[in-house]
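1049 is the number that my numbering gives the last residue of the sequence shown; the numbers go up by one with no jumps. C-beta atoms are modelled at their ideal positions from N, C-alpha and C, and glycine is treated no differently. Structure record follows, encoded as structure tokens.
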Amino acid sequence: MTRIFAYCRVSTADQTTDNQVQEIEAAGFSVAKQRVITETVSGSVPAFERKGFAKLVDRLEDSDVLIVTKLDRLGRNAMDVRATVERLASIGVRVHCLALGGVDLTSAAGKMTMGVISAVAEFERDLLIERTQSGLRRAKAEGKAFGRPSALTEAQRATVIDQLNAGVPVAQIAREMKTSRQTVMRVRESMLSTPPELTGVGPSGVPCALIDWDRRKSRSA
829 MTRIFAYCRV
839 STADQTTDNQ
849 VQEIEAAGFS
859 VAKQRVITET
869 VSGSVPAFER
879 KGFAKLVDRL
889 EDSDVLIVTK
899 LDRLGRNAMD
909 VRATVERLAS
919 IGVRVHCLAL
929 GGVDLTSAAG
939 KMTMGVISAV
949 AEFERDLLIE
959 RTQSGLRRAK
969 AEGKAFGRPS
979 ALTEAQRATV
989 IDQLNAGVPV
999 AQIAREMKTS
1009 RQTVMRVRES
1019 MLSTPPELTG
1029 VGPSGVPCAL
1039 IDWDRRKSRS
1049 A
């Protein structure tokens, strides 16, 4: 005996699945209330990792029918949707999507439709990657900086370095500079990881100007 189930999903608690249920009924599908599964979960979560959907699959049997209003109810992207449909088809469940005219995604026509959708999604993904890489190469060639902007100006950073060299505690520096302790600690870590020749800090850890350090070396030579 064929049983009809409906799966309705929304992303946030302030949304409702009522419209999806009504849309399924308006399409001519009669679904018993106990077979309408609704849940609130982000569309970025793969279908089989959703608690409600996983429980639904446990109830599904051979020859059952599952109705969804849109493809994104079944997965986070085209590839995930395709994998979900294939797993359901493997246990004999037919999947109908109203947004695609109610086509059975496990049928020959449905598989062809899914194949086209997957191909387009993969093409768009590859195109996005290509554009991103091209943009990064162009920005790098133009000398543009990457990553988040520094929390300190160059002048503020120099002040922090002076205070660190003077032995001022990190917490005190952070308060005076109105910044976080993590920011000050990153400056300190960058000082420790930079070779002495670049910072003017001698092997003993005592800060000095580059020209002074060169003179000290020449005297000891």
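Same chain, Cβ closer than 8 Å to residue i, five either side skipped, listed in chain order
i: Arg953; result: none
i: Thr840; result: Thr868
i: Asn905; result: Ala949
i: Asp876; result: Reading the sequence as shown, one finds Phe at residue 876 and not Asp. Cβ neighbours of Phe876 beyond the five flanking positions: Ala882, Val885, Thr912, Arg915.
i: Leu899; result: Ala906, Val909, Cys925, Ala927, Leu928, Ile945
i: Leu888; result: Phe833, Leu894, Leu916, Ile919, Val921
i: Thr941; result: Leu928, Val931, Leu933
Beta carbon of residue i nearer than 8 Å to that of residue j
i: Leu916; j: Val923; result: yes
i: Val893; j: Phe833; result: yes
i: Arg985; j: Val944; result: no
i: Thr934; j: Ser891; result: no
i: Ile957; j: Ile895; result: no
i: Thr1011; j: Ala969; result: no
Residue-level contact to chain D via CB, residue i, 8 Å cutoff
i: Phe881; result: Considering every chain present, this structure includes no chain D. It has just one protein chain.
Opposing strand residues paired with residue i [DSSP bridges]
i: Val893; result: Ile832, Arg922
i: Val838; result: Thr868
i: Asp932; result: His924
CB-CB length for residue i against residue j, believed under 8 Å
i: Ala999; j: Arg1009; result: 6 Å
i: Thr897; j: Gln848; result: 5 Å
i: Val988; j: Met1005; result: 6 Å
Contacting residues, own chain, Cβ-Cβ under 6 Å from residue i (five flanking each side not counted)
i: Thr845; result: Cys836, Val838, Thr866
i: Gly903; result: Ala875, Val909, Thr912
Sequence-distant residues of the same chain with beta carbon closer than 7 Å to residue i, five excluded per side
i: Gly938; result: Val931, Asp932
i: Ala860; result: none
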